[in-house]
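Residue numbers (UniProt numbering): 1 to 196.
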């Protein structure tokens with residue numbers, strides 16, 4: 001196993017290891033109990049990431065706003081946070097920043113996964129998610145949402161969520177960018193109740 005190479009700026013730590021057996025990934029994931037440590041595994045490549053505070057603030061803002069939308073619009077949305085999902089047959093596993101099931105609370109894999117991408121590099125998350133069968137992957141990157149829907153075994157960019165079609169992503173992004181999370185949630189609630 002080669003020495004890990006750092007690939008992220010200060011505040012966020014990211015290391016990528018190559019030639020990692022599936023059993024090693026599973027053992028590390030199951031035995032390392034470090035809050036905030038995220039692992040992504042794809043066909044022998046393992047990425048370990050410790051997110052920055054900016055990353056965590058963005059992910060929490062997105063989660064709070066989406067969950068508020070679901071409550072206000074009576075959409076059955078079930079959050080699983082950063083639960084570990086893995087599939088040995090596809091040699092893939094990870095913890096999304098946030099993830100949700102729509103309609104039914106218990107599914108093998110989430111319907112929607114959300115990734116905050118403040119840095120580039122590392123493992124191709126879409127490749128991992130396609131192996132898990134996640135229907136939509138949302139990236140928060142450069143202060144905007146970029147959505148992808150699974151079509152067969154590959155993802156296609158989409159302009160709006162097919163699972164939450166009434167969610168205005170441009171408006172959602174505007175509230176995610178607010179510097180005060182509490183005020184953003186209150187303002188978004190007001191906007192949802194009176195969008196005019």
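We put the CB at the ideal spot given by N, CA and C, even for glycine. Only a predicted model underlies this, so the values are computations on that prediction, with no experimental measurement involved.
Residue i and residue j: beta carbons closer than 7 Å?
i, j, result
"residue 112", "residue 100", "yes"
"residue 158", "residue 150", "no"
"residue 178", "residue 171", "no"
"residue 139", "residue 117", "yes"
"residue 135", "residue 95", "no"
"residue 176", "residue 61", "yes"
"residue 43", "residue 91", "yes"
"residue 115", "residue 107", "no"
"residue 102", "residue 132", "no"
Would you tell me roughly how many angstroms separate the C-alpha atoms of residue i and residue j, rounded to the nearest one?
i, j, result
"residue 71", "residue 154", "31 Å"
"residue 122", "residue 46", "9 Å"
"residue 189", "residue 68", "7 Å"
Tell me the DSSP secondary structure of residue i in three-state form.
i, result
"residue 120", "coil"
"residue 203", "No answer is possible for residue 203: the residues shown for the chain start at 1 and end at 196."
"residue 4", "Only weak support is given to the placement of residue 4: the predicted model assigns it a pLDDT of 41, under 50, and the question is left unresolved by the model."
"residue 151", "strand"
"residue 20", "coil"
"residue 77", "strand"
"residue 113", "strand"
"residue 134", "coil"
"residue 65", "helix"
Measuring only between beta-carbons, confirm whether residue i sits less than 7 Å from chain C.
i, result
"residue 69", "Protein chain content of the structure displayed is limited to a single chain, and chain C is not contained in it."
Name the DSSP bridge partner or partners of residue i?
i, result
"residue 13", "50"
"residue 158", "147"
"residue 140", "116, 145"
"residue 93", "41, 86"
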